[in-house]
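Q: Chains as they are written, first to last, in our numbering: chain X, 1 to 65; chain D, 1001 to 1181.
Attaching a single structure in structure tokens format; questions to follow.
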């Protein structure tokens, strides 16, 4: 049983911005950010930095054929 | 060229966001990282076409999104048409009323058609404006608004949320929800 409580401590605070249907006071909006923040904070594998270094070595600047 | 170093650094900085968006779209960690890799290669090849000073993150998200749909087409998968789906029948009921579990939310999000999912992610999580999201998705601002609204309604249906304290300015959506409860 994995019960996860929302980390948002300001759940009841009415802070929605105008034109924002997914504001801080919406359960969907909060969960969406929680879901996404978890993904964003996932550790980035080294392969991406290595890839960029390889690309840079292969094609240092904006000189293409 | 010094600009190249900067470009590389800028790309590195956006990778966490790109991965999150790719995960949101593909719902699969391996595919998500493949998408990010393809995006980085394409971005590098096309860096001359990027205009410094414009929104690099939006530019990269656009590339990633195009790559995602192009891969879907190659796999012969129909791009989901949000109008033709009845995801609500697969209702997920939160174990605890009023307290939404993140796993339940994740399952509900998976059930959304891609166009709705990407819209609600771009607006509600990635921090893009409606205008930027419309540009990324190659559609009108109104289309994004409508997709976000439908995505939110669909999530509320699936998750059986009623009595949201705040529907925002979209009163029509609130009425739709009210009629189903």
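A virtual CB, placed ideally from N, CA and C, is assigned to each residue, including glycine.
Just so we're clear, the structure is a prediction, and the values are computed from it rather than from any experiment.
Between which two residues does the alpha helix (DSSP H) carrying residue 1144 of chain D extend?
A: Segment 1141-1158, the alpha helix (DSSP H) holding residue 1144 of chain D.
Q: Would you identify the three-state DSSP class for residue 1101 of chain D, choosing helix, strand or coil?
A: Three-state result, residue 1101 of chain D: coil.
Q: Counting pairs of Cβ atoms below 8 Å between the stretch 1053-1065 of chain D and the stretch 1142-1157 of chain D, do you hit three or more?
A: Short answer: they don't touch.
Q: Note the first and the last residue of the continuous alpha helix (DSSP H) segment covering residue 1161 of chain D.
A: Careful: residue 1161 of chain D lies outside any alpha helix (DSSP H) and carries neither H nor E.
Q: Quick check on residue 1116 of chain D: buried or exposed, where buried means 16 or more other Cβ atoms within 10 Å of its Cβ?
A: So residue 1116 of chain D ends up on the buried side.
Q: Closer than 9 Å, CB to CB, is residue 955 of chain D near chain X or not?
A: Since the displayed chain D opens at 1001 and closes at 1181, residue 955 of chain D lies outside it and no answer follows.
Q: Among residues of its own chain, excluding the 5 on either side of residue 1038 of chain D, which ones have a beta-carbon nearer than 7 Å to its beta-carbon?
A: Same-chain partners within the cutoff: 1067.
Q: Going along the chain, which residues of its own chain have a beta-carbon closer than 7 Å to the beta-carbon of residue 1130 of chain D, five neighbours each way excluded?
A: If we look at residue 1130 of chain D and ignore the five residues flanking it on each side, its Cβ neighbours are 1123, 1141, 1144 and 1145.
Q: My guess is that residue 1106 of chain D and residue 35 of chain X are in contact by the Cβ rule of under 8 Å, so how many angstroms apart are they, rounded?
A: About 6 Å separates the two Cβ atoms, so the contact holds.
Q: Return the chain-ordered list of same chain residues with a C-beta closer than 8 Å to the C-beta of residue 1019 of chain D, the five sequence neighbours on each side being excluded.
A: Once the five neighbours on either side are set aside, the close Cβ partners of residue 1019 of chain D are 1032, 1033 and 1036.
Q: So is residue 1014 of chain D buried or exposed if we call it buried at 16+ other beta carbons inside 10 Å?
A: It is buried - the Cβ of residue 1014 of chain D has at least 16 other Cβ atoms within 10 Å.
Q: Could you pull out every residue in the same chain whose Cβ sits closer than 6 Å to the Cβ of residue 1023 of chain D, ignoring the five residues on either side in sequence?
A: Counting only Cβ-Cβ distances below 6 Å, and skipping sequence neighbours, we find 1032.
Q: Measuring only between beta-carbons, confirm whether residue 46 of chain X sits less than 9 Å from chain D.
A: No, residue 46 of chain X lies away from the interface with chain D (no Cβ there is under 9 Å from its Cβ).
Q: Quick check on residue 1107 of chain D: does DSSP put it in helix, strand or coil?
A: Residue 1107 of chain D: helix per DSSP, three-state reduction.
Q: Name the chain D residues that come within less than 7 Å of residue 34 of chain X, Cβ to Cβ?
A: Simply 1102.
Q: Given a cut-off of 9 Å, decide if residue 1040 of chain D and residue 51 of chain X are closer than it, judged by their beta-carbon atoms.
A: Cβ atoms of residue 51 of chain X and residue 1040 of chain D: closer than 9 Å.
Q: Less than 8 Å between the CB atoms is what I'm expecting for residue 1158 of chain D and residue 1111 of chain D, so what's the real figure, rounded?
A: Correct: roughly 6 Å between the Cβ atoms.
Q: Please report the distance separating the alpha-carbon of residue 30 of chain X from that of residue 1108 of chain D.
A: Distance between the alpha carbons of residue 30 of chain X and residue 1108 of chain D is about 14 Å.
Q: Taking the alpha carbon of residue 1055 of chain D as the reference point, which residue from D:1156, D:1136 and D:1072 has its own alpha carbon closest?
A: For the residues D:1156, D:1136 and D:1072, the minimum Cα distance to residue 1055 of chain D belongs to D:1136.
Q: How many Å lie between residue 49 of chain X and residue 1012 of chain D at the Cα?
A: Roughly 7 Å between the two C-alpha positions.
Q: Please check if any C-beta of chain X sits within less than 9 Å of the C-beta of residue 1142 of chain D.
A: Not an interface residue.
Q: Less than 8 Å between the CB atoms is what I'm expecting for residue 22 of chain X and residue 32 of chain X, so what's the real figure, rounded?
A: The Cβ separation is near 6 Å, so the contact holds.
Q: So, using beta-carbon positions, are residue 1051 of chain D and residue 1007 of chain D closer together than 9 Å?
A: Contact flag unset, no.
Q: Any beta-carbon of chain X closer than 9 Å to the one on residue 1023 of chain D?
A: Residue 1023 of chain D counts as touching chain X.
Q: Between residue 1126 of chain D and chain X, is any beta-carbon pair separated by less than 9 Å?
A: So yes, residue 1126 of chain D belongs to the interface.
Q: Below 9 Å between beta carbons: does that hold for residue 1025 of chain D and residue 1120 of chain D?
A: Contact: no.
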